[in-house]
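Asks: One line per chain: the protein sequences are U and X, in this order. The opening position of the first sequence corresponds to residue 1 in the numbering used here, with each subsequent residue numbered one higher. The opening position of the second sequence corresponds to residue 117 in the numbering used here, with each subsequent residue numbered one higher. No residue lacks a Cβ here, since even glycine has one placed at the ideal position from N, Cα and C. Just dropping this structure here.
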Amino acid sequence: DTGVSQNPRHKITKRGQNVTFRCDPISEHNRLYWYRQTLGQGPEFLTYFQNEAQLEKSRLLSDRFSAERPKGSFSTLEIQRTEQGDSAMYLCASSLIRGTGANVLTFGAGSRLTVL
Amino acid sequence: SQQGEEDPQALSIQEGENATMNCSYKTSINNLQWYRQNSGRGLVHLILIRSNEREKHSGRLRVTLDTSKKSSSLLITASRAADTASYFCATPLTGTASKLTFGTGTRLQVTL
């Protein structure tokens with residue numbers, strides 16, 4: 001297992017374009033999370049999946065953002081009509097939740113988005 | 117919203133010195149975790165302390181938790197240049213298996 005993989009690592013796009021990020025979690029993990037991180041700040045929660053079900057979405061996630069996790073495997077995060085304020089690092093993390101165990105996240109290296 | 121807040125925001129020390137960073141949080145928790153992030157990379161889990169624990173050690177790391185003050189500290193002993201990174205505390209918003217919320221981070225610089 002090579003850990004959590006994110007692609008692309010860097011994306012530069014013009015305002016108004018759509019972008020899609022992909023995350024491949026650790027295969028046996030049942031939870032997958034998306035976070036956004038801007039310079040000098042901690043990661044901010046966007047959304048998470050348990051298997052293929054999207055269980056929670058942050059209010060930060062506007063209608064232009066959509067995430068999917070078909071078949072409970074990889075996930076995609078799409079941003080439509082990008083704005084300069086969308087420029088950030090998009091982090092994916094996965095975890096294996098068993099019963100009432102603690103939720104320890106394994107992060108990918110992130111996808112950095114720059115909107116011109 | 118961010119549950120935790122680290123202090124100081126930035127810390128610069130020399131190699132061999134100890135580094136202490138603090139985290140305060142707002143609501144009751146079942147556990148608290150610390151993560152490290154090297155520049156431009158993802159976060160790496162360092163250590164987890166449960167609410168019924170007061171202190172925990174892992175190698176050169178020592179974590180304390182004071183639930184009455186809603187605070188935690190991370191001590192890195194005998195720091196090395198490779199410890200240069202940002203350090204974040206993370207807490208579940210509700211329950212043990214809830215999503216984690218992260219603090220604002222402490223940026224540690226270890227110089228030779």
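When you compare the CB of G110(U) with every CB in chain X, is at least one pair closer than 7 Å?
Replies: For this step, residue 110(U) is matched to residue 110 along the first sequence. Cβ-Cβ to chain X under 7 Å: yes for G110(U).
Asks: Terminal residues of the continuous beta strand (DSSP E) containing L148(X)?
Replies: Reading the second sequence from its first residue, position 32 is the one you call residue 148(X). Its beta strand (DSSP E) spans residues 147-153.
Asks: Express the C-alpha separation of L177(X) and Q84(U) in angstroms, rounding to a whole number.
Replies: Along the first sequence, read from residue 1 onward, the residue named residue 84(U) stands at position 84. Along the second sequence, read from residue 1 onward, the residue named residue 177(X) stands at position 61. Approximately 39 Å, taken between the alpha carbons.
Asks: How many angstroms separate the CA atom of T143(X) from the CA atom of F218(X)?
Replies: Stepping through the second sequence from its first residue, residue 143(X) is reached at position 27. Stepping through the second sequence from its first residue, residue 218(X) is reached at position 102. Roughly 13 Å between the two C-alpha positions.
Asks: Tell me, please, whether the CB atom of Y90(U) is closer than 7 Å to any CB atom in chain X?
Replies: Within the first sequence, residue 90(U) is the residue found at index 90, counting from 1. It does not; no Cβ of chain X falls within 7 Å.
Asks: Any idea what DSSP makes of D199(X), helix, strand or coil?
Replies: For the purposes of this step, residue 199(X) is identified with residue 83 of the second sequence, where counting begins at 1. Residue state, collapsed to three classes: helix.
Asks: Helix, strand or coil: how does DSSP classify P8(U) here?
Replies: The count along the first sequence starts at 1 and reaches residue 8(U) at position 8. Coil at P8(U), not helix or strand.
Asks: Quick one: what's got a C-beta closer than 6 Å to D123(X)'s C-beta in the same chain, skipping five residues either side?
Replies: Indexing the second sequence from 1 puts residue 123(X) at position 7. N138.
Asks: May I ask you to list, following chain order, the residues of the region 22-45 of chain U that have a beta carbon less than 9 Å from some beta carbon of chain X?
Replies: Cβ contacts with chain X: R31, Y33, Y35, Q37, G40, Q41, G42, P43, E44, F45.
Asks: Please name the residue, chosen from A194(X), T220(X), L216(X), that lies closest to I145(X) on a Cα-to-Cα basis.
Replies: To locate residue 145(X), count along the second sequence from 1; it is residue 29. For the residues A194(X), T220(X), L216(X), the minimum Cα distance to I145(X) belongs to L216(X).
Asks: Can you tell me where the beta strand (DSSP E) with S140(X) in it begins and where it stops?
Replies: Along the second sequence, one-based indexing puts residue 140(X) at 24. Note, S140(X): beta strand (DSSP E), 135-140.
Asks: Nearest CA to the CA of L105(U): which residue from R15(U), E56(U), Y48(U)?
Replies: Translated into the one-based positions of the first sequence, residue 105(U) becomes position 105. Checked all of R15(U), E56(U), Y48(U); the closest Cα to L105(U) is Y48(U).
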